[in-house]
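Take a look at the structure set out below.
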Amino acid sequence: MKISKVVIPVAGWGTRSLPASKNIPKEMLPVFNKPVIQYVVEEALHAGLKDVVFVTSKEKRVIEDHFDYNLQLEDTLARAGKLNLLEQVQAVSEMINIISVRQKQQLGLGHAVLCAKPVCGNEPFGVILGDDMIIGQDAGIVQLIEAARKYNLPAVGVMEVPPEKVSRYGIVSGREIAPGILRIENMVEKPRPEDAPSNLAIVGRYVLTPDIFWHIENSERGHGGEIQLTDALQKLAADGGMLAVKIKGLRFDAGDWAEYLTANIYFALQDESLRDDLLEQLRPLVR
Ligand code: G1P
Numbered sequence: 271m272k273i274s275k276v277v278i279p280v281a282g283w284g285t286r287s288l289p290a291s292k293n294i295p296k297e298m299l300p301v302f303n304k305p306v307i308q309y310v311v312e313e314a315l316h317a318g319l320k321d322v323v324f325v326t327s328k329e330k331r332v333i334e335d336h337f338d339y340n341l342q343l344e345d346t347l348a349r350a351g352k353l354n355l356l357e358q359v360q361a362v363s364e365m366i367n368i369i370s371v372r373q374k375q376q377l378g379l380g381h382a383v384l385c386a387k388p389v390c391g392n393e394p395f396g397v398i399l400g401d402d403m404i405i406g407q408d409a410g411i412v413q414l415i416e417a418a419r420k421y422n423l424p425a426v427g428v429m430e431v432p433p434e435k436v437s438r439y440g441i442v443s444g445r446e447i448a449p450g451i452l453r454i455e456n457m458v459e460k461p462r463p464e465d466a467p468s469n470l471a472i473v474g475r476y477v478l479t480p481d482i483f484w485h486i487e488n489s490e491r492g493h494g495g496e497i498q499l500t501d502a503l504q505k506l507a508a509d510g511g512m513l514a515v516k517i518k519g520l521r522f523d524a525g526d527w528a529e530y531l532t533a534n535i536y537f538a539l540q541d542e543s544l545r546d547d548l549l550e551q552l553r554p555l556v557r
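In the numbering used here, the protein residues as written are 271 to 557.
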């Protein structure tokens, strides 16, 4: 299975992050010293996916700009001799090949993925949600690609969530065929806890085959009146089979304030030059 592109839907309004996201895309909010989207892109790169398809909207141009050159800034840094910063800024500009498609109406995640059809052609591709951070050595989409190649099947990444949180996610159930890998039998988008087939939640990582587009095109509107990716995935799974891969690593949903702030503190604590100072400043606040 050859996979070279990753689709990152970023057109959504980000209402959970308002008012911070009123004029800044939620994906551009910083987590420590980088915007959320950069962590997501770095995960894709780690999996060898350098062709990044942003499914975007006219309010989100700044996301593409982040991964492009800023010659004026680079010139200023070069003249000031700030070569370390210059190197960091240039590295981001050279990270990926940017491919943009517009989602002209926000009709749901299934619709967002369908917008990438003209650029994905007939190849399998990855999908990562632009505000869903997964951190860890070889974690996230890397694991999915490995399993998808081994079994020659599409795959979704899942993690266990507490029963009271199942209604926030697409939930899957299935038969374990290897440690941490299930063959999917059922899938429901945002079920009530009493209707959930398990507590395995889809965490914004997918490896899809091009037949997903046909299933999306033939999907009815689902949960919340939106064209849901999960509904099309259910059909894909029933048709030719699909895997759920238990994802290792730390996950931060950047649209959830508690998780977003925890992510900031987590990354700041990894920085030796900040750690002691940060802990000292936090200590009196948490009494
Ligand atoms: C989307 C998907 C859902 C998935 C979730 C992960 O929902 O529809 O299946 O579990 O992302 O974050 P959203 O959070 O966009 O409502």
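Glycine included, each C-beta is placed from N, C-alpha and C at the ideal position.
Bear in mind the structure is a predicted one, so any value in this text is a computation, not a measurement.
* **Where the alpha helix (DSSP H) through K387 begins and ends** => Indexing the sequence shown from 1 puts residue 387 at position 117. Element bounds for K387: 387-390.
* **Simplified DSSP assignment, three categories, for T326** => What you label residue 326 is simply residue 56 of the sequence shown in a count that begins at 1. Three-state result, T326: strand.
* Determine, using beta carbons only, whether M512 and L499 come nearer to each other than 8 Å. => In the sequence shown, the residue the question calls residue 512 occupies position 242. In the sequence shown, the residue the question calls residue 499 occupies position 229. At least 8 Å separates the beta-carbon of M512 from that of L499.
* Tell me whether E446 counts as near the ligand G1P, meaning its Cβ is closer than 7 Å to at least one heavy atom of that ligand. => Along the sequence shown, one-based indexing puts residue 446 at 176. Outside the cutoff, so no.
* Asked: Contact check, E434 vs S443 under 8 Å by CB: the rounded distance?
  -> For the purposes of this step, residue 434 is taken as the residue at position 164 of the sequence shown. For the purposes of this step, residue 443 is taken as the residue at position 173 of the sequence shown. The C-beta distance from E434 to S443 rounds to 18 Å, too long to meet the 8 Å contact threshold.
* Outcome for S230 when other beta-carbon atoms lying within 10 angstroms are tallied against a minimum of 16 -> Since the first residue of the chain shown is 271 and the last is 557, residue 230 is not available in this structure.
* To do: Within its chain, find whatever has a CB closer than 7 Å to the CB of F395; leave out the 5 residues flanking it on each side and keep chain order.
  => Working through the sequence shown from its first residue, we reach residue 395 at position 125. Around F395: I273, K275, V276, V277, L478.
* Asked: If L544 and A514 are in contact, beta carbons under 8 Å, what's the gap, nearest whole angstrom?
  -> Here the question's residue 544 lines up with position 274 in the sequence shown. Here the question's residue 514 lines up with position 244 in the sequence shown. L544 to A514, Cβ: 38 Å. No contact.
* Could you work out which residue in K516, D481, G519, Y530 is closest to A508 when comparing CA atoms only? => Working through the sequence shown from its first residue, we reach residue 508 at position 238. Ranking K516, D481, G519, Y530 by Cα distance to A508 puts D481 first.
* Could you tell me whether the region 331-339 touches the region 362-370, where touching means 3 or more Cβ pairs closer than 8 Å? => Result yes; three or more Cβ-Cβ pairs closer than 8 Å.
* To do: Apply the 10 Å Cβ neighbour rule to I447 and answer buried if 16 or more other Cβ atoms are within range, or exposed otherwise.
  => The residue you call residue 447 lines up with position 177 of the sequence shown. An exposed status is given to I447, since fewer than 16 other beta-carbon atoms sit within 10 Å of its beta-carbon.
* To do: Tell me whether T565 is buried or exposed, calling it buried when 16 or more other Cβ atoms sit within 10 Å of its Cβ.
  => What the structure shows of the chain is the stretch from 271 to 557, and residue 565 is not part of that stretch, so it cannot be assessed.
* To do: Compute the minimum distance between the beta carbon of Y439 and the heavy atoms of the ligand G1P, and state whether it is under 7 Å.
  => As a first step, residue 439 is located in the sequence shown; it is residue number 169 there, counting from the start. Placement of the Cβ of Y439 at a distance of less than 7 Å from at least one heavy atom of the ligand G1P is found.
* With DSSP collapsed to three states, give me the class of M403. => Residue numbering aside, residue 403 sits at position 133 when the sequence shown is read from its first letter. Note: M403 maps to strand in three-state DSSP.
* Is it true that the CB of P424 sits closer than 8 Å to the CB of I441? -> Within the sequence shown, the letter at position 171 stands for residue 441. Within the sequence shown, the letter at position 154 stands for residue 424. Not closer than 8 Å, so no.
* Delimiting residues of the beta strand (DSSP E) encompassing R462 -> For the purposes of this step, residue 462 is taken as the residue at position 192 of the sequence shown. Segment: none, R462 is in no beta strand (DSSP E) and carries neither H nor E.
* Run through the region 477-543 for me and flag every whole beta strand (DSSP E) of 3 or more residues, listed as ranges in chain order. => Listed in chain order, the complete beta strand (DSSP E) runs (minimum 3 residues) inside the region 477-543 are 513-516, 520-523.
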